[in-house]
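Below is one structure, written out as structure tokens; comments come after it.
Numbering (the working numbering), first residue to last: 30 to 109.
See below:
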């Protein structure tokens, strides 16, 4: 088990993609293989997962006013 990670910034990005459900199968396989041998990445994964879970529980979800949604959509479409 590695005690130091030489590419922790890249690992953090990949972990965040996984926790957000946006990672590709290739990225998942790469991180999974890394987590089996890198202690700092395992710890970082658990910390990021816990932070995400806490934030999800604490954030109050509110609906946006329909007019705001329509305005944002029209501005996005105007860039296309």
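Note that the Cβ used here is the ideal one computed from N, Cα and C, for glycine as well. Remember, it's a predicted structure, so these values are computed and weren't measured experimentally.
Output the distance between the C-alpha atoms of residue i and residue j, rounded to the nearest integer angstrom.
i          : j           : result
residue 93 : residue 99  : 10 Å
residue 53 : residue 107 : 30 Å
residue 42 : residue 56  : 11 Å
Go to residue i, then tell me how far its alpha helix (DSSP H) extends in each direction, as first and last residue.
i          : result
residue 71 : 68-87
residue 52 : Per DSSP, residue 52 belongs to no alpha helix (DSSP H) and is neither H nor E.
residue 95 : 95-108
Please tell me whether residue i and residue j are closer than 7 Å, where the distance is taken between their beta carbons.
i          : j          : result
residue 48 : residue 78 : yes
Put residue i into one of helix, strand or coil per three-state DSSP.
i          : result
residue 31 : strand
residue 40 : helix
residue 61 : helix
Segment contact, 8 Å Cβ cut-off, at least three pairs: the segment 65-83 with the segment 32-43
Judged by Cβ distances under 8 Å, the segment 65-83 makes contact with the segment 32-43, as three or more pairs qualify.
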